[in-house]
Amino acid sequence: MATFTHPKTSLFGGARIPMPTATKSRTFAPFRVRMALQDSGPSIAVVGVTGAVGQEFLSVLHDRDFPYRSIKMLASKRSAGQKLSFQGRSYVVEELTGGSFDGVDIALFSAGGSISKEFGPIAVEKGTIVVDNSSAFRMQDDVPLVVPEVNPEAMEGIKAGKGKGALIANPNCSTIICLMAATPLHRHSKVKRMVVSTYQAASGAGAAAMRELEQQTHEVLEGKPVTCEIFQRQYAFNLFSHNSAVLPNGYNEEEMKLVKETRKIWNDKDVKVTATCIRVPVMRAHAESVNLEFENPLDEDTARDILKKAPGVVVIDDRAANNFPTPLEVSNKDDVAVGRIRRDVSQEGNYGLDIFVCGDQIRKGAALNAVQIAELLL
Ligand SMILES: NC(=O)c1ccc[n+]([C@@H]2O[C@H](COP(=O)([O-])OP(=O)(O)OC[C@H]3O[C@@H](n4cnc5c(N)ncnc54)[C@H](OP(=O)(O)O)[C@@H]3O)[C@@H](O)[C@H]2O)c1
Numbered sequence: 000m001a002t003f004t005h006p007k008t009s010l011f012g013g014a015r016i017p018m019p020t021a022t023k024s025r026t027f028a029p030f031r032v033r034m035a036l037q038d039s040g041p042s043i044a045v046v047g048v049t050g051a052v053g054q055e056f057l058s059v060l061h062d063r064d065f066p067y068r069s070i071k072m073l074a075s076k077r078s079a080g081q082k083l084s085f086q087g088r089s090y091v092v093e094e095l096t097g098g099s100f101d102g103v104d105i106a107l108f109s110a111g112g113s114i115s116k117e118f119g120p121i122a123v124e125k126g127t128i129v130v131d132n133s134s135a136f137r138m139q140d141d142v143p144l145v146v147p148e149v150n151p152e153a154m155e156g157i158k159a160g161k162g163k164g165a166l167i168a169n170p171n172c173s174t175i176i177c178l179m180a181a182t183p184l185h186r187h188s189k190v191k192r193m194v195v196s197t198y199q200a201a202s203g204a205g206a207a208a209m210r211e212l213e214q215q216t217h218e219v220l221e222g223k224p225v226t227c228e229i230f231q232r233q234y235a236f237n238l239f240s241h242n243s244a245v246l247p248n249g250y251n252e253e254e255m256k257l258v259k260e261t262r263k264i265w266n267d268k269d270v271k272v273t274a275t276c277i278r279v280p281v282m283r284a285h286a287e288s289v290n291l292e293f294e295n296p297l298d299e300d301t302a303r304d305i306l307k308k309a310p311g312v313v314v315i316d317d318r319a320a321n322n323f324p325t326p327l328e329v330s331n332k333d334d335v336a337v338g339r340i341r342r343d344v345s346q347e348g349n350y351g352l353d354i355f356v357c358g359d360q361i362r363k364g365a366a367l368n369a370v371q372i373a374e375l376l377l
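Numbered by numbering that gives the first Met the number 0, the letters in the sequence shown go through residues 0 to 377 in order.
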């Protein structure tokens with residue numbers, strides 16, 4: 000039987016961290032025989048397959064035995080010709096072109112917003128259902144923005160195999176992780192206002208940012224000048240405001256995504272959301288402090304019980320041992336972890352809660368959420 004080789008294991012806490020390197024060949028072969036390759040499955044394409052999210056798509060498709068009759072590996076001209084092995088078969092990475100989507104039922108896109116804007120509509124025109132990880136279409140009224148545990152109804156009626164193309168957007172990673180925990184509480188007591196503070200990992204900025212954090216860490220420890228190519232400032236042993244553009248209202252784009260996407264996903268234009276997004280020198284998985292104000296009372300024990308029952312959520316809330324969620328603990332895991340569940344003492348009665356959430360944003364924040372959307376298409 001073939002071996003399963005993860006792209007690269009880093010020294011950071013022993014967590015498995017996909018870090019695409021310049022190697023010519025990668026292996027995603029099975030631990031055991033998988034039944035995923037089957038004639039009755041859809042033909043799929045992975046756009047941006049050489050990137051951090053693209054690599055995780057393959058990992059999640061494999062882990063979930065996603066059925067497919069064929070799979071196309073697409074990236075830029077730079078990677079065309081690279082060999083990639085997936086579930087015991089060898090594939091050649093192809094350059095993404097307008098012709099890439101002929102006969103493709105489902106395309107998972109993660110090659111950046113400009114690529115999505117250019118090639119998403121071409122794919123839809125050819126009858127492909129595009130699940131897009133970029134922010135290109137998220138706020139478009141006619142494009143469902145979906146977290147399967149939260150609002151699967153938004154994509155009702157869209158199915159693969161009908162030859163009818165469609166766009167479905169994957170929300171921003173911080174939004175997905177936040178709403179996985181906040182939605183079950185919102186359903187119970189209706190959130191009036193939410194204040195989110197994020198502690199975001201390198202992986203959210205792609206494979207090159209992960210490599211830069213690792214390199215800078217070595218450089219600092221060896222007393223060398225740090226190489227700053229992705230963030231234009233020292234990242235290792237530092238933290239800074241999120242690197243997205245700062246808008247005229249003083250919020251950065253990442254913060255406004257949390258505000259706008261929450262309203263769209265909850266179908267609640269009145270919910271008040273504010274956010275502060277910070278990049279921290281964590282390799283993989285975001286953490287978020289979330290303060291919630293409710294319309295109806297919700298005590299912390301009830302909240303804990305609700306979260307324990309919520310699909311895709313695990314509660315780590317051991318006050319005696321001071322043990323709560325950490326990014327390392329959720330790295331490479333599917334579930335979002337929630338802890339520090341406590342009554343907000345700044346509010347009267349049981350109308351406010353503070354929680355702390357951690358989630359692997361390459362997995363649930365990107366690839367896993369997109370593959371779950373693809374599963375709803377079958
Ligand atoms: N990282 C995350 O956690 C995360 C979460 C949610 C959403 N996203 C979104 O997913 C997208 C990719 O993120 P990432 O972190 O995976 O970035 P990444 O590691 O930098 O990978 C980018 C991918 O896009 C491909 N690409 C670049 N230019 C291309 C072109 N002209 N034609 C075809 N493919 C092209 C790259 O191929 P080459 O190797 O050939 O250059 C690579 O496969 C972004 O839109 C990002 O906002 C990322």
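C-beta: ideal position from N, C-alpha, C; glycine also.
Computed from a predicted structure; not experimentally measured.
Open item on the list: Just to check my reading of the structure: ALA373 and PHE65 have Cβ atoms closer than 8 Å, yes? What is that Cβ distance to the nearest angstrom?
Closed with: As a working mapping, residue 373 is identified with position 374 in the sequence shown. As a working mapping, residue 65 is identified with position 66 in the sequence shown. Their Cβ separation, rounded to whole angstroms, is 7 Å, which keeps ALA373 and PHE65 in contact under 8 Å.
TODO: Check whether the Cβ atoms of ILE128 and ALA159 lie closer than 8 Å to each other.
DONE: Residue numbering aside, residue 128 sits at position 129 when the sequence shown is read from its first letter. Residue numbering aside, residue 159 sits at position 160 when the sequence shown is read from its first letter. For ILE128 and ALA159, yes; Cβs fall inside 8 Å.
Open item on the list: I want to know whether the segment 192 to 202 touches the segment 274 to 289 - three or more CB-CB distances under 8 Å.
Closed with: Because the criterion of three Cβ pairs below 8 Å is met, the segment 192 to 202 and the segment 274 to 289 touch.
Task: VAL59 - containing alpha helix (DSSP H), residue span - done: Taking the first residue of the sequence shown as 1, we reach residue 59 at position 60. Per DSSP, VAL59 belongs to the alpha helix (DSSP H) from 51 to 62.
Task: Residues that DSSP places opposite LYS189 in a beta bridge - done: Within the sequence shown, the letter at position 190 stands for residue 189. In the DSSP output, where bridge partners are listed per residue, LYS189 has none listed.
- [ ] Whole angstroms is fine: what's the gap from GLY162's alpha carbon to ALA35's?
- [x] For the purposes of this step, residue 162 is taken as residue 163 along the sequence shown, with counting starting at 1. For the purposes of this step, residue 35 is taken as residue 36 along the sequence shown, with counting starting at 1. Cα to Cα, the separation comes out at about 21 Å.
TODO: Check whether the Cβ atoms of ARG107 and ILE157 lie closer than 8 Å to each other.
DONE: Here residue 107 is taken as the residue at index 108 of the sequence shown, counted from 1. Here residue 157 is taken as the residue at index 158 of the sequence shown, counted from 1. The sequence shown places Leu at residue 107, not Arg. No; because the gap between Cβ atoms is not below 8 Å, this pair is not in contact.
TODO: Report the rounded CA-to-CA distance for PRO17 versus GLN54, giving the unit in angstroms.
DONE: Residue numbering aside, residue 17 sits at position 18 when the sequence shown is read from its first letter. Residue numbering aside, residue 54 sits at position 55 when the sequence shown is read from its first letter. Low per-residue confidence applies at PRO17: pLDDT is 42, beneath 50, and the placement is therefore not dependable, though the value from the model is reported in the following sentence. Going by the C-alpha atoms only, they are around 7 Å apart.
TODO: Express the C-alpha separation of ALA51 and MET154 in angstroms, rounding to a whole number.
DONE: The residue given as residue 154 occupies position 155 in the sequence shown. The residue given as residue 51 occupies position 52 in the sequence shown. Rounded to whole angstroms, MET154 to ALA51 spans 26 Å at the Cα level.
- [ ] May I have all residues whose beta carbon comes closer than 6 Å to any heavy atom of ligand 1, sorted in chain order?
- [x] Checking every Cβ against the heavy atoms of ligand 1 under 6 Å gives GLY47, VAL48, THR49, GLY50, ALA51, VAL52, GLY53, ALA74, SER75, ARG77, SER78, LEU95, SER109, ALA110, GLY111, GLY112, ILE114, ASN132, SER133, CYS172, SER202, GLY203, GLY205, ALA206, ALA207, GLN360, ILE361, GLY364 and ALA365.
Task: Cut-off 7 Å between Cβ atoms - residues of its own chain near ILE229, not counting five sequence neighbours on either side - done: Here residue 229 is taken as the residue at index 230 of the sequence shown, counted from 1. Correct list, in chain order: ALA204, ALA207, ALA208 and GLU211.
Open item on the list: According to DSSP, is MET179 part of a helix, a strand, or is it coil?
Closed with: To locate residue 179, count along the sequence shown from 1; it is residue 180. Three-state DSSP puts MET179 in a helix.
Task: Assigned exposure category for GLU94 - 16 Cβ within 10 Å defines buried - done: If you number the sequence shown from 1, residue 94 lands on position 95. Residue environment for GLU94: exposed (fewer than 16 other C-beta atoms within 10 angstroms of its C-beta).
Task: ILE43, DSSP secondary structure in three states - done: On the sequence shown, residue 43 is found 44 positions in, with the first residue counted as 1. Strand, per DSSP.
Open item on the list: Here's the rule: buried if 16 or more other CB atoms are within 10 angstroms of the residue's CB, otherwise exposed. What is PRO6?
Closed with: Position 7 of the sequence shown, counted from the start, is the residue given in the question as residue 6. Because the pLDDT at PRO6 is just 33, under 50, the model does not fix this residue reliably, and the value given afterwards should be weighed accordingly. With 16 or more other Cβ atoms within 10 Å, it is buried.
Task: the segment 143 to 150 touching the segment 177 to 192, judged by at least three CB pairs closer than 8 Å - done: yes
- [ ] Mark THR226 as exposed unless 16 or more other C-beta atoms lie within 10 angstroms of its C-beta, in which case mark it buried.
- [x] Along the sequence shown, one-based indexing puts residue 226 at 227. Burial call: exposed.
Open item on the list: Just to confirm before moving on: does the CB-CB distance between LYS363 and VAL335 stay below 8 Å?
Closed with: As a working note, residue 363 is residue 364 in the sequence shown. As a working note, residue 335 is residue 336 in the sequence shown. Going by C-beta atoms, LYS363 is nearer than 8 Å to VAL335.
TODO: In the DSSP assignment, find the alpha helix (DSSP H) that holds ARG262 and state where it starts and stops.
DONE: Here residue 262 refers to the residue found at position 263 when the sequence shown is read from its first residue. 252 to 264 is the span of the alpha helix (DSSP H), which, as asked, contains ARG262.
- [ ] Could you please give me the residues that DSSP links to THR197 through a beta bridge?
- [x] In the sequence shown, residue 197 corresponds to position 198, counting from 1. DSSP lists CYS276 and GLU287 as partners of THR197.
Task: Residues of its chain near LYS76, where Cβ-Cβ distance is below 7 Å and the 5 sequence neighbours each way are ignored - done: Here residue 76 refers to the residue found at position 77 of the sequence shown. Excluding positions up to five away in sequence, the list reads GLU94.
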